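Be aware that the sequence shown starts at 0, since it is given in numbering that gives the first Met the number 0, and climbs by one per residue. Okay, structure first, notes after.
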Amino acid sequence: MIVYITLKEILNVRTNFEDADFWIIRKGQDKMLGKPTKEFSLSHIGLQLNDVGRSLFDPNYLYYLFEFLHGQGVWRQLAKGSLSLQHITVSDAKNFSIPMEVPDNFGA
């Protein structure tokens, strides 16, 4: 069974987050929004698994999931701003949901 979990339930999400597991690009051309990177920048949104997240995911798996999501253009749908310079917000990232497979008897 697939359930959807918001990022704020499994991740610490904020800008200027030097200790994050990885970052996503917050502003620029729409094709770059949400692209994961291993390089810190003050303007990128930092993502770090919290205790709940670490019990469910490996940070490297999550990084590659974000590569896939970026390739699918999911962050473009949340873009705000002018045509040449767009951005996504920390709130967009916190409230974004990702799929997670759980056993059929999960929660029973």
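Cβ coordinates follow ideal geometry from the N, Cα and C atoms, glycine included. On a predicted model such as this, the values are computed, not experimentally measured, just so you know.
Look at the alpha carbon of residue i and the alpha carbon of residue j, and state the distance between them as a whole number of angstroms.
i: V51; j: G80; result: 34 Å
i: L28; j: N15; result: A quick correction: the sequence has Gln, not Leu, at residue 28. Cα to Cα, the separation comes out at about 20 Å.
i: Q85; j: L77; result: 10 Å
i: S96; j: G33; result: 14 Å
Let me check one thing: in DSSP terms, what residues is residue i bridge-paired to?
i: M99; result: V2
i: K26; result: H86
i: K79; result: H86
i: V12; result: L46
i: P58; result: Answer is none; P58 lacks a bridge partner.
i: F65; result: F65 pairs with nothing; no bridge assigned.
Less than 7 Å between C-beta atoms, sequence neighbours within five positions excluded: which residues of the same chain meet that for residue i?
i: E8; result: V51
Quick one: residues in its chain with C-beta nearer than 8 Å to the C-beta of residue i, no 5 flanking neighbours on either side, listed in chain order?
i: D41; result: Checking the sequence, you will find Leu at residue 41 rather than Asp. Result list for L41: T14, N15, in chain order.
i: D103; result: M0
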